[in-house]
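Protein chains in written order, with this note's numbering: chain W, 234 to 1767; chain Z, 22 to 490.
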Amino acid sequence: MLGSSNIWVLIQLVTLDDRVMITTQQQQGLYNPRFERDGCGIGAIVNVKGERSHTVVRQALTILQNLRHRGAQGYDPQTGDGAGIITQKPHAFLVDVALRLGVSLPSAEDYAVGMVFLPTDAGQRNEILTIFRNQSERVGLEWLGHRSVPVDTDVLGEAAAIVQPAVYQVFIGRGRAQNDDLAFNRSLYLARRLTENFANVQLGPAASAMHVASLSVHTIVYKGMLLPEQVSTYFLDLTDPRFTSAMAAVHSRFSTNTFPTWSLAHPFRWLCHNGEINTIRGNINWFRAREVTLANELFGEFAAELRPLIAPGQSDSACLDDAVELLMLTGRSIDEALRILVPEAWQKNTFLDKARRSYCEYNATLMEPWDGPAALCFTDGRVLGVALDRSGLRPCRYTITHDDTIILASEAGVLPVPTEQIKIWGRLKPGEMLLVDTMQQRVISDFELKAKAAGQFDYSGWVDRHITQLESGAESESDVVADLNRQQTAFGYSREELITSLAAMAVSGEEAVSSMGDDTPLAVLSHKARPLFDYFKQQFAQVTNPPIDPLREDMVMSLTIYLGAKGNLAAPPSSSALLVRLESPILTSVELSQLKRLPALKTRTLSTLFPVATGVAGMQMALSELIDTAAKEARSGAALIVLSDLGVDASHVAMPSLLVVSAVHNHLINLGLRSRTDLVIETGEARSPHHFACLLGYGAVAVAPYLALASVKNLVERGELSRRVSSQEATNSYIKAISKGVTKILSKMGITTLQSYCGAQIFEAIGLSDELIEEYFPDTSARIGGLTLSELATETLTRHIAGFKKSTSVGDLPPPGGYVHYRNAGESHSWSPEAIATLQHATITNSFKAYSAFQAIANADVGSPLALRHLLAPVSTKAPIELAEVESAADLVKRFTTGAMSLGAISQESHEALAVAMNRIGGKSNTGEGGEDPARFAAVSKDNSQNSAIKQVASGRFGVTIHYLINADEIQIKIAQGAKPGEGGQLPGHKVDAQIAKLRHSTPGVSLISPPPHHDVYSIEDLAQLIFDLKNANPRARISVKLVSEAGIGAVAVGVAKAGANKILISGDNGGTGASPLSSIKHAGAPWELGLAEVHQTLIINRLRDRVVLETDGQLRTGRDVVIAAMLGANEFGFSTAPLIVQGCIMMRKCHLNTCPVGIATQDPELRKRFRGKPEHVINYFFFVAEEARSIMANLGIKSFSELVGRTDLLHQRRIEGPAKSQHIDLSALLHRPEVEHTAVVVAAGFRPDDYDESLLSQCRPALEDKTPVVLSRRINNAQRSTGALLSGEIARRHGSDGLADGSITLRFEGTAGQSFGAFLAGGVSAYLVGAANDYVGKGLSGGRLVVAPPPQALFDQEAPVLIGNTTLYGATSGSLFVAGTAGERFAVRNSGALAVVEGVGDHGCEYMTGGVVVVLGVVGRNFGAGMSGGLAFVLDADGLFHLRCNTGMVDIQRMTSDADQSDAVLLRQIINRHIGHTHSAKASAIMANWDWHLPKFVKISPKKECISDQKRTATATISSARRPASHEVHGHV
Amino acid sequence: MSEPTGFLKIPREKTPYRPVQERAHDWQYIGPKKVPYEKSARQAGRCMDCGVPFCQSDFGCPVHNAIPEWSDMVSRGHWHEALHSLHATNNFPEFTGFLCPAPCENACVLNREQSPVTIREIELAIIEQGFVSGWVSPRVPTVLRQERVAVVGSGPAGLAAAQQLRRRGFQVSVFDKAKHPGGLLRYGIPDFKMAKSVVERRIEQMEAEGVEFVMGVKVGKDRSLEELRRDYDAVLLAVGAEAPRDLVTPGRELGGVHLAMDYLCQQNRAHSGESSPPTISAKGKRVVVIGGGDTGSDCIGTARRQGAKSIHELSLLAVPDVKGGGDALWPLPSNDLKVSHAHEEGCERIFGVITTSFSGQNAKVQQLHAIQCELRDGQVFHKPGTEFTLDVDLVLLAIGFVGVPEGFASSTPGLVQRPNGTLAGDSNGMTTLPGVFVAGDARRGASLIVWAIAEGRQAAVAIERYLQK
């Protein structure tokens, strides 16, 4: 369905819309430009006094160049992804240059300058300029003239030059009746938008070359498809000394494509952005819902011409820019606009006063947050500000100088400042804003800005008057449903679901857990009538933004939602209607009836039932009637519409709830009615977190799941729960579990508030027809066609009839199920009993004949297709060749890997047997994320090497030492995993035995948490940095990045390739060998066939395919699977479940219970004895697979495997037996071959480290070779990144995990270090830095010592200057860090053994820490100690409020009173003394000088429960391991 | 699986039969007098709730009993629910509960490394609990249909089909040549394995549900199949595969050499009072049972109780391996040495031998001549020099069955018999005659009761579909 005839939303927009996205690539095959994303670096400089100078411009351009490493280039190294600058309008300069053109400009306040990209064709250009002039005059402005901006085309890269626009400036005067500035700005907006519209109409596609980069009285933007250093050489204006400004902001872009797109460069008209708005789809939809009112108010007669107000087809940042502009046009200041759009996380912040909370809440009722990682630099030409998103996911550091200059940037050190000029070194905190007001000539703090805003109106009074709440729901009789069993069956419940899912939730308040992935067919391939929800797959964040940890970082999460008619953005606060605040979107029957009774909320209930007798056609009729009725009710003033399927009986059937919600929601949006009327769905269908997420994601604000609640009660009554609870408790637990599940689903997309998730449609549909999608789920990605509305009706009726058939039997239970576990009459499973038994018999007896029986089952040669690949078949275009001519099996198996299954997830026996097998055949096994015993690094014998060739680096960084990294052939960064993409993990305490705890540097018996994100990868440029770190650590290893298939992964993969990865692994959604939440296993991610094909195609289109090896995995089982994967683009192939089956796994799906009866997924010593797997069995299996592949190759006439890669021309879609709905599937998009030449993969020709690092290494050789101590001194700046990693890798290679003796190498640095200073620093290396450092200091610290102290000459006007950035000591295993200043967010995150002293930290200090000791001699941010399961922290609690900043979920706080354990005091004192010794800290010295006075101010933070008895041991071990790895009993100073 | 580690904590515990010295002297059920419900509930807690329950797969249970479900229910004490679940797949759990060799237990995942769940006993406990509690009551159809179906044969296949069809509302008549319904359940199974009352209470239930039993009518003789086709909308042939395999060897004609089924049937008839005391009795005799299968075992048990002087069992197959060895791979059937209750009660087992002839005087058998042999690729090879002779008074031939009753197929034109003795049918079980279906042993050859029930249920579905067309 996705051939050239397909009308894809974006293409339509590209050709029809006014604001055209200039892109040379259109949607083709699986590539769709809508998924493109970017990341970057931002910077700004302001003269606070407002003094304009050319110096400011020049310095801004220097900042830009120093951010070069945060941007990227495509296949053409001379073409950047984009760079630009925004400055104040250089009035004097413009007057001069305009005059030369005969244009006399009026005073600065009376004209605007527009920076415009225009077609290079003079005719077209003039046409547009004429339109511009006419439209300006039409809205009452005065056209003053235009100017061709002088540029030096020679500096451009080839790719950028091809699409270079003509750059013009237009001058537009205030004109008649524009005496008020707001009216002037509105007119300028009108002129621009109308020009864009008319140009589109008159010029057609040629108008796409037009882009108004800026049009303002106060600012001007110079930008383009440039490298940072090209900005000033390309735009000659910028080097003209007459060009002056008091402020300038710059941006260096890193995009996930290589297409030259001039318009997408930042800054936009008002802001530049580092990060990504995840909620963009919902934000745009909600804007559309509001825009009728807003446009009418702002633009009167022109309103109709302007919609949609947020032009489609733009990047997320451009949309945000539009929204800012529109809010400014309502009369709000630019900073006010940003506060509304990107609010702080106020809901759970107990530090906020009532006025500020109320202010935030008022804004929340107007606008859902534009959520996602964001460092935003904005300016209106008079003020310049920066703001961070509510979670603080992008860095922003600033320097204020004694001569009134402020420098702000993504990094510290972007502009050298004389040391004695330094006044303040600061950083922006999460949700904070900093504003430089050149009119007031001062820097305004976040606190002052927000306090002032909150005081401008009585927001508290407003909240009290306009927002009400429901009383908490009591139990009621109405939750009991008559003929429950029939209803359950009619809505598709099964006993399995009731017991494994609902009962589990009702008992534990947690979502049900399962394991071993999903081996059932896609809903569209299933013979069962599956709920509509099953056709939707949750999307998730990977690389370009981080998923959030909803448990440990609950402080930013919020399920609060406001129900009722929404306020008007353009109207004053007083005019709003009543709103109901819901703390959770799940309503009990009691709550729903309360809602319906609220007098001030006009509610209408509409039934979503239709008569069974009307059959399939009846549903369509009922649906269109419902939509019309809903619109009618909305028009007549209903503030709330409840869609209800209550009352299902033998003759009435419920329409799918998701269908009705989305249909009504979208219809109301299209009619501009959605902001006046809210939607609630009352349905028997919703029961799993995924169902609720779908309903909310497609527009319901609340869900009343009456049947699920009745079922829970019934389970309690029938005694089906594993624990005795009252039905009220069970109901509460169930609702809690669903709430947590929904929270997790939004957090995996990186979204923190339900308000932003609601209507955001963050799903991909798999197996729904284009008609169904276009009509009812607009803008949802659906790439393979499938189910039509009438088939959907058929499925609905089938389920209903099963429930209400005239059965003769009484007391029938709902059907047994079979959706999770295999059941005879249930859903098909690819791991059927026959498949398991035949594969095991074949590999144990080494019988290819027996394997053939398995192959027939697994390839669906008989029976129905279970996967997309079963619908594809190789077609021969050549004569077959002899099998002997085909590349040997021994060569083929080298392309095979086993999946990342950690020791911990699986037993040592299983893990080692896999490693031995893979090493023998030359394939690769994978450590998984649990580290590896160094004893395995050294081969016992050639045939028995247990060293895993692939070492994984996952978010938990367990056991990731420099020694581990240096022993890898390949280092795999796991961004996501198929079973639960976007989520973290937990290794339950009962699986953490002594050995596993040792490898993971943790405590036996204590649960270990892997965070959802890599805390050093919140954006694409961060990934580039991590890859750079790892390449430095081990320059010989290939770096791979593991992603999970989802729509849009092609763009992500391009970004990953540009970030320097050598290999990309695309995991399918069905894989998974460990425990995961059930709804994640089933509903997140897409099949690998789609992801792999999309990545392959997108890389080709971007001319990057030759840079990376592609691997795929996810239930690969046979040679046929391998051949098809190769044809879709894979070079290598990962297997996990199948090798485990070969080892004896029988798909118990009990990995999460530690009861694996075959000794694989268990650490129970008794059960481990049952392990019977042998390396030989695994080897037999892989050779069978290879032989099968060879025979297919022989048939195709193909000799060498590499000839197969990407050969979709050798594939065709075959028609095989399957359900009717599967007959509409169209896989042509998968088989698309882009018409771009590409060459075979050239595996990266090694990594060439920077000269700086090379010279460090070579000068340290005496220490490495003869252990002669070395001392070096160096200047350092922010371009020097990962300093120390290269050296440390070499130390580990030569000297193992212990490194060198203390004092062997001393490095003295001066300046501002770049990111990852001291990453993986090995034992024996001490690095002293006088100055500051950026993010990721001491990442993976492996025994080295890091010291950071401020320059003594600096005259700080603050107590503890910010010296280091965010996410420090991430995954450090040993060593020490001393900082005589403040650190950013996430200090010592996942520290598992390092010792650290610091004088202040941001939010989330010591998060997920499992070992080591941290001392904080100053203020800490919020959420300290979240998820901290090991180690110790001491904090100087000067204001006595530490308990409010600490997350006590896992830790206890003890005050260091004189009667406390004296050994703690001794330890603390000893550590602080070391700190003084290394840093000469004045603050620490003052504390020591009055020790007895300060000691009681300290609090000790230690993990609860299990760890307490081990405290002393941990502490002692840490002291020794702080310098040396834990395995060494070395005592000495730290 | 109310307790995830039940299988580690609870050892497998089979309910022992009554002591040999007690049970071998009466005709009562060999098992305990009271069903040990609590123990079964505890044993059910060993079920691991497998992700892939091989027990209910084709490696295990032919009716695909929802074993993990009802194990879970029973272990939680939800007997009534368990009964619902059990009855949903199996009409007569008591027949299988008493008699099934339980392929499910062989396929049980716990059988791989440990010992399987006592699935058969749990099944029996559930259904007996059901009868004791009065939960097994007639399920009279609420909707009656006009179509009439004749079921020929009242063995487990016929009964299962009849009950299923009746519950769907059809008018069902069951024909059988015998005096009472039940087929081999009644006439082939000795009382000490399952009492006649177990069959009778089911027949009563079916009669109450409205199934008509027409007894003493031999179809093909008393009433032709054509006649049935005329009078009924569909006919199911569930006539079994009772034609015995005979031994073609010199001396076969001598007195005292009998077919096992003749021997067992007359003993069963005698017990139920249907006929006078058995004419073939083992009392005081030296008995040789030829054939090492279940029927042979029944003969041994019967002979023991009749007071045989000595009993030998001759098997063609070599001594199987004891547990743990062999090349059988789980979940394939294991090749273990099986010791039946009858073996325990005393008999001498001779493996790997073939009978070459009988000899005797006065037309009565006195000696059995045999030789050791080897089976290779289905062929028997004698081992010269290993001949031996046994003194015998009674020889019972329990060497299998060869198809539907003799003459049955030929009695009806158009009915096709396969070379293996079964009736030919399509994948739905419809024979070459439209509207005439076949199920059970008559279709698949002599097999387990559980297969007969499975076949009967499938036939009911096929017949309903046929009648709806």
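Glycine included, every Cβ here is placed at the ideal spot set by N, Cα and C.
The model shown is predicted, which means the values in this text are computed figures rather than measured ones.
Within 9 Å of chain W by C-beta, residues of the region 155-187 of chain Z in sequence order: ARG160, VAL161, PRO162, THR163 and VAL164
Answer yes or no: does any C-beta atom of chain W fall closer than 9 Å to that of Z:THR300? no
Count the other CB atoms within 10 Å of the CB of W:PHE584; is the residue buried (16 or more) or exposed (fewer)? exposed
Chain W residues whose Cβ lies nearer than 7 Å to that of Z:THR26: Against chain W, the beta carbon of Z:THR26 has neighbours under 7 Å at THR1388, listed in chain order.
By the 7 Å beta-carbon criterion, what residues does the region 459-483 of chain Z contribute toward chain W? none
By the three-class DSSP mapping on this structure, what secondary structure does W:ALA316 have? strand
Contained beta strand (DSSP E) runs [length at least 3] in the region 354-419 of chain Z, N- to C-terminal order: Counting whole runs of 3 or more residues, the region 354-419 of chain Z contains the beta strand (DSSP E) stretches 369-371, 374-382, 385-397, 400-403, 409-412 and 415-418.
With the cut-off set at 9 Å, would you say W:VAL1646 and W:GLY1633 are in Cβ contact? no
Between the alpha carbons of Z:PRO57 and Z:TRP156, how many angstroms are there, rounded? 18 Å
Using the C-alpha atoms, what's the distance from W:CYS927 back to W:GLU1487? C-alpha separation (whole angstroms): 53 Å.
Apart from the five residues on each side of it in sequence, which residues of its chain come closer than 6 Å, Cβ to Cβ, to Z:HIS108? none
Contact between the region 1186-1205 of chain W and the region 1548-1556 of chain W (3+ Cβ pairs under 8 Å): yes
When the Cα atoms are used, what is the spatial distance from W:ARG1678 to W:SER1575? 30 Å
Test item: CB-CB of W:ALA1182 and W:ASN1152 under 9 Å: Yes.
Would a check of beta-carbon distances place W:LEU735 closer than 9 Å to chain Z? no
DSSP-derived helix/strand/coil call for Z:GLN287: In the three-state scheme derived from DSSP, where H, G and I count as helix and E and B as strand, Z:GLN287 is classed as helix.
What whole-angstrom Cβ distance do W:ALA1317 and W:ASN299 have, given they're in contact under 8 Å? Wrong, their Cβ atoms sit about 39 Å apart, outside the cutoff.
For Z:THR407, count neighbouring C-beta atoms within 10 Å of its own C-beta (all shown protein chains included) and say buried if the count is 16 or more, exposed if not. Z:THR407 is exposed by the Cβ-count criterion.
Would you say Z:GLN77 lies against chain W (beta-carbon separation less than 9 Å)? yes
Which chain Z residues sit within Cβ distance under 9 Å of W:GLY952? ARG97, GLY98 and HIS99
Listing by chain order, which chain Z residues have their CB less than 7 Å from the CB of W:PRO779? Those do not exist, as W:PRO779 stays about 33 Å from chain Z at its closest Cβ, beyond 7 Å.
C-beta atoms of W:LEU1147 and W:PRO1408 nearer than 9 Å: yes
Whole-angstrom distance between Z:ALA463 and Z:GLN387, CA atom to CA atom: 36 Å
Using the Cα positions of Z:VAL482 and W:THR598, report the straight-line distance between them to the nearest angstrom. Annotation: Z:VAL482 to W:THR598 spans about 59 Å, alpha carbon to alpha carbon.
Contact check, W:GLN1210 vs W:ALA1133, beta carbons under 9 Å: yes
Residues near W:GLN1744 in its chain [Cβ-Cβ closer than 8 Å; skip 5 each side]: Legend: pLDDT at W:GLN1744 = 39, less than 50; position of this residue unreliable, no value from coordinates given.
Please look up how many angstroms separate the CB atoms of W:PRO806 and W:TYR595, rounded, as I've assumed it's under 8 Å. 6 Å
Could you tell me the boundaries of the beta strand (DSSP E) in which Z:ASN449 lies? No beta strand (DSSP E) holds Z:ASN449; DSSP gives it neither H nor E.
State the start and end residues of the unbroken beta strand (DSSP E) segment that holds W:ASP1255. Taken as a continuous stretch (DSSP letters only), W:ASP1255 belongs to no beta strand (DSSP E), being part of the alpha helix (DSSP H) at 1253-1266.
What residues match up with W:GLN402 in a beta bridge as DSSP calls it? DSSP lists W:MET348 and W:ARG380 as partners of W:GLN402.
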